[in-house]
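Number of protein chains: 2
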Amino acid sequence: MSGEKILLVDDEQDIVELLEYNLLKEGYQVRTASNGKEALKIASSYKPDLVILDVMMPVMDGMQTCEALRKSPNHNGVIIAMLTARGEDYSQIAGFDAGADDYITKPVKPKVLVSRVKALLRRGTTEIDIPDENVSIVINRDKYLVIKEGNEFNLPKKEFELLNLLYSQPGSVFTRQNILSSVWGDEVVVGDRTIDVHIRKLREKLGSEHFVTIKGVGYKFQH
Amino acid sequence: MSGEKILLVDDEQDIVELLEYNLLKEGYQVRTASNGKEALKIASSYKPDLVILDVMMPVMDGMQTCEALRKSPNHNGVIIAMLTARGEDYSQIAGFDAGADDYITKPVKPKVLVSRVKALLRRGTTEIDIPDENVSIVINRDKYLVIKEGNEFNLPKKEFELLNLLYSQPGSVFTRQNILSSVWGDEVVVGDRTIDVHIRKLREKLGSEHFVTIKGVGYKFQH
DNA sequence: GATAGGATTAACAATTCCTTAACGTATAAG
DNA sequence: CTTATACGTTAAGGAATTGTTAATCCTATC
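Just so you know, the sequences run in chain order S and F.
Add 472 to a position in the first sequence, counting from 1, and you land on the number used in the numbering used here.
Add 472 to a position in the second sequence, counting from 1, and you land on the number used in the numbering used here.
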């Protein structure tokens with residue numbers, strides 16, 4: 473089968489069956505789980521392209537699962553859609569963004585879900601997907617080591633942490649605020665040009681093509 | 473006149489005229505309204521057989537109007553068709569089904585509308601057509617990236633924010649006031665032509681077909 | 001407490017972006 | 001037909017942000 477792989481996670485058996493049926497009918501590969509823990513187990517071998525997570529689940533809820541998936545390097549680039557019950561307290565969802573790509577309100581009509589899934593998977597393909605073999609820079613966190621084209625670099629602490637942060641989500645922009653609070657901590661106050669200088673050193677050592685400036689916003693790393 | 477009575481509700485005058493002309497030509501009776509409130513007033517005396525409602529409207533939107541009609545005993549059995557902009561976020565439609573009989577995607581060709589109307593009046597069929605999210609432009613907020621036909625654009629901050637605003641509700645008009653307070657903030661005062669210049673740059677980069685001027689009102693984005 | 005490498009700062013350069021002003025064009029109103 | 005009004009276009013200046021460099025300040029280590 474050629475369809476993309478979907479992992480459907482919900483504890484309500486009826487809903488799972490209904491949605492699974494409709495997704496299968498569209499030609500997708502589907503596997504299901506009834507809670508987050510199970511989902512993670514399946515995901516590690518199944519390598520889904522898209523995970524649909526119910527927010528409310530026993531054992532491990534959708535938000536936790538989403539977080540766990542995002543943190544795992546095995547699921548880099550996986551698309552995550554959350555199912556949220558209508559009228560559910562949106563504040564936690566809004567306030568604590570675990571990094572889902574879409575939120576779908578329950579009850580959801582099969583047609584709606586399918587077209588939403590299509591859109592998500594299509595969107596995924598329009599973005600640049602960096603295949604693993606194209607990763608030009610590799611980080612070894614234990615050894616504070618960066619490897620580019622076989623050459624090893626021993627970066628100083630701050631430079632490494634800055635790189636590490638940007639590298640954690642290639643392509644995503646980190647604002648100066650983000651960077652400051654992550655690398656320096658919220659209480660520390662450093663001058664305006666400190667980040668720039670570190671960026672400069674990274675560019676010098678690893679090549680400026682990897683560090684993109686978004687003026688007025690921040691920086692991002694790209695392979 | 474013997475044709476069935478249609479109430480056509482849309483705030484865009486051009487569309488109303490075009491569709492009205494075509495429906496009249498088919499022998500239907502047509503009355504029009506430019507918002508939901510007006511529509512309800514007319515409906516109570518006009519007793520339409522079919523109401524065609526634009527989802528996005530000022531004063532009272534299509535969903536609210538649909539709900540109100542359904543609740544009213546005076547309009548028992550009225551057929552309701554919703555006009556939804558292509559690419560519009562239909563999560564509200566999915567999550568909150570106000571009970572429309574059909575969803576028709578804008579822009580709609582007169583011929584298509586007419587045949588749809590015929591089908592609805594003849595059979596009262598429910599041929600729900602969830603618009604396929606056929607989006608030509610995708611925004612990635614994390615990556616500060618705009619993707620059109622596979623090409624990526626790194627827009628400057630203000631341009632990105634302006635696009636982001638218009639894009640948030642495709643098809644809806646944002647007044648200059650709206651735009652100013654959202655993108656520039658309420659205290660900031662900028663000249664009259666500032667918005668135009670930014671719109672121009674967006675048109676230059678992404679194609680002018682996506683940015684529609686409503687003279688005397690503002691701008692809107694469309695896919 | 002001397003030393004060395006790293007981190008930060010300050011001053012200035014470079015760049016990009018935003019805004020404006022002036023003029024052009026279109027459309028509606030008188 | 002003239003006038004008024006709103007929007008479009010262009011180029012240029014200035015504002016804001018970032019890049020660069022070198023000197024200075026820290027901090028861990030010997």
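C-beta: ideal position from N, C-alpha, C; glycine also.
Could you give the distance in angstroms between the alpha-carbon of residue 735 of chain S and the alpha-carbon of residue 510 of chain F?
-> The shown model of chain S, from 473 to 695, leaves out residue 735 of chain S, and the question about it has no answer.
Between which two residues does the beta strand (DSSP E) harbouring residue 534 of chain S extend?
-> Position 62 of the first sequence holds residue 534 of chain S. From DSSP, residue 534 of chain S is part of no beta strand (DSSP E) but of the alpha helix (DSSP H) over 534 to 543.
With a cut-off of 8 Å, do at least 3 Cβ pairs link the region 671 to 691 of chain F to the region 632 to 645 of chain F?
-> As far as the Cβ criterion goes, the region 671 to 691 of chain F touches the region 632 to 645 of chain F, which means the pair count is three or higher.
Output the distance between the C-alpha atoms of residue 543 of chain F and residue 587 of chain S, rounded to the nearest integer angstrom.
-> What you label residue 543 of chain F is simply residue 71 of the second sequence in a count that begins at 1. What you label residue 587 of chain S is simply residue 115 of the first sequence in a count that begins at 1. Straight-line Cα distance between these residues: approximately 29 Å.
Could you tell me whether any Cβ in chain S is nearer than 8 Å to the Cβ of residue 616 of chain F?
-> Residue numbering aside, residue 616 of chain F sits at position 144 when the second sequence is read from its first letter. For residue 616 of chain F, the answer is yes, since a Cβ of chain S falls inside 8 Å of its Cβ.
Assign residue 628 of chain S to one of two classes, buried (16 or more other C-beta atoms within 10 Å of its C-beta) or exposed (fewer than that).
-> The residue you call residue 628 of chain S lines up with position 156 of the first sequence. So residue 628 of chain S ends up on the exposed side.
On a CA-only basis, which of S/537, S/652 and S/623 is nearest residue 634 of chain S? Give me that one, please.
-> Locating residue 634 of chain S in the first sequence gives position 162, where the first residue counts as 1. Considering only alpha carbons, the answer is S/652.
Cβ distance (whole Å) where residue 487 of chain F is taken to contact residue 522 of chain F below 8 Å = As a position in the second sequence, residue 487 of chain F is number 15, starting the count at 1. As a position in the second sequence, residue 522 of chain F is number 50, starting the count at 1. That pair is no contact at about 17 Å.
Of the choices F/695, F/515 and F/540, whose alpha-carbon is the least far from that of residue 678 of chain F?
-> Residue numbering aside, residue 678 of chain F sits at position 206 when the second sequence is read from its first letter. That would be F/695, whose Cα lies nearest to the Cα of residue 678 of chain F.
When the Cα atoms are used, what is the spatial distance from residue 538 of chain F to residue 580 of chain S?
-> Translated into the one-based positions of the second sequence, residue 538 of chain F becomes position 66. Translated into the one-based positions of the first sequence, residue 580 of chain S becomes position 108. For residue 538 of chain F and residue 580 of chain S, the distance between alpha carbons rounds to 19 Å.
Through-space distance from residue 669 of chain S to residue 615 of chain S, alpha-carbon basis = For the purposes of this step, residue 615 of chain S is taken as the residue at position 143 of the first sequence. For the purposes of this step, residue 669 of chain S is taken as the residue at position 197 of the first sequence. Roughly 23 Å separates the two Cα atoms.
Looking only at DSSP bridge pairs, what is residue 691 of chain S linked to?
-> The count along the first sequence starts at 1 and reaches residue 691 of chain S at position 219. Partner(s): S/646 and S/685.
Environment of residue 531 of chain S [buried if 16+ CB atoms lie within 10 Å] = As a working note, residue 531 of chain S is residue 59 in the first sequence. Result: exposed.
Nearest to residue 526 of chain F (by Cα), restricted to the options F/541, F/508 and F/540 = Within the second sequence, the letter at position 54 stands for residue 526 of chain F. Among F/541, F/508 and F/540, the Cα nearest to that of residue 526 of chain F belongs to F/508.
Proximal chain F residues relative to residue 687 of chain S, where beta-carbon distance stays under 7 Å | Working through the first sequence from its first residue, we reach residue 687 of chain S at position 215. Those are 628 and 629, listed as they occur along chain F.
What are the residues that DSSP puts in a beta bridge with residue 480 of chain F?
-> Locating residue 480 of chain F in the second sequence gives position 8, where the first residue counts as 1. F/504 and F/524, per the DSSP bridge assignment.
Any C-beta of chain F under 8 Å from that of residue 692 of chain S | As a working mapping, residue 692 of chain S is identified with position 220 in the first sequence. Yes, contact with chain F.
Hey, residue 519 of chain F and residue 501 of chain F: beta-carbon distance below 8 Å or not?
-> Taking the first residue of the second sequence as 1, we reach residue 519 of chain F at position 47. Taking the first residue of the second sequence as 1, we reach residue 501 of chain F at position 29. Contact flag unset, no.
Mind pulling the chain F residues with CB within less than 8 Å of residue 654 of chain S?
-> As a working mapping, residue 654 of chain S is identified with position 182 in the first sequence. Near residue 654 of chain S there are no residues of chain F at all, since even the closest Cβ is about 15 Å away, more than 8 Å.
Residues of chain F with a CB under 7 Å from the CB of residue 644 of chain S: which are they?
-> Position 172 of the first sequence, counting from 1, holds the residue named residue 644 of chain S. Neighbours of residue 644 of chain S on chain F, chain order: 614 and 615.
In the DSSP assignment, what residue or residues form a beta bridge with residue 619 of chain F?
-> The sequence position of residue 619 of chain F within the second sequence is 147, counting from 1. The partner list for residue 619 of chain F (beta bridge, DSSP) reads F/610 and F/624.
Report the option in S/641, S/481 and S/498 whose CA atom is closest to the CA atom of residue 536 of chain S.
-> Counted from its first residue, the first sequence places residue 536 of chain S at position 64. Checked all of S/641, S/481 and S/498; the closest Cα to residue 536 of chain S is S/481.
Determine, using beta carbons only, whether residue 555 of chain S and residue 576 of chain S come nearer to each other than 8 Å.
-> Along the first sequence, one-based indexing puts residue 555 of chain S at 83. Along the first sequence, one-based indexing puts residue 576 of chain S at 104. Their beta carbons are under 8 Å apart, which means residue 555 of chain S touches residue 576 of chain S by this criterion.
Output the distance between the C-alpha atoms of residue 609 of chain S and residue 675 of chain S, rounded to the nearest integer angstrom.
-> Residue numbering aside, residue 609 of chain S sits at position 137 when the first sequence is read from its first letter. Residue numbering aside, residue 675 of chain S sits at position 203 when the first sequence is read from its first letter. Each residue's alpha carbon lies about 13 Å from the other.
With DSSP as the reference, label residue 665 of chain F as helix, strand or coil.
-> On the second sequence, residue 665 of chain F is found 193 positions in, with the first residue counted as 1. Residue state, collapsed to three classes: coil.
Could you check what DSSP says for residue 548 of chain S in three-state terms: helix, strand or coil?
-> Start at 1 with the first residue of the first sequence, and residue 548 of chain S comes out as number 76. If DSSP states are grouped into helix, strand and coil, residue 548 of chain S belongs with coil.
Residue from S/506, S/516, S/639 and S/548 with nearest C-alpha to residue 528 of chain S | Sequence index remark: in the first sequence, residue 528 of chain S carries index 56 (1-based). Residue 528 of chain S has its Cα closest to that of S/506, out of S/506, S/516, S/639 and S/548.
In whole angstroms, what separates the C-alpha of residue 624 of chain S from that of residue 654 of chain F?
-> Within the first sequence, the letter at position 152 stands for residue 624 of chain S. Within the second sequence, the letter at position 182 stands for residue 654 of chain F. Here the alpha carbon of residue 624 of chain S sits roughly 47 Å from the alpha carbon of residue 654 of chain F.
Would you kindly check if the distance between the Cβ of residue 515 of chain F and the Cβ of residue 479 of chain F is under 8 Å?
-> Position 7 of the second sequence, counted from the first residue, corresponds to residue 479 of chain F. Position 43 of the second sequence, counted from the first residue, corresponds to residue 515 of chain F. Yes, the pair counts as a contact, with Cβ atoms nearer than the cut-off.
When S/524, S/662 and S/663 are compared against residue 589 of chain S, the one with the closest alpha-carbon = The count along the first sequence starts at 1 and reaches residue 589 of chain S at position 117. For residue 589 of chain S, the nearest C-alpha among the options comes from S/524.
Cβ-based neighbour list, residue 696 of chain F, same chain, cut-off 6 Å, excluding 5 preceding and 5 following = Only positions 473 to 695 of chain F appear in the structure, and residue 696 of chain F is not among them; the question remains open.
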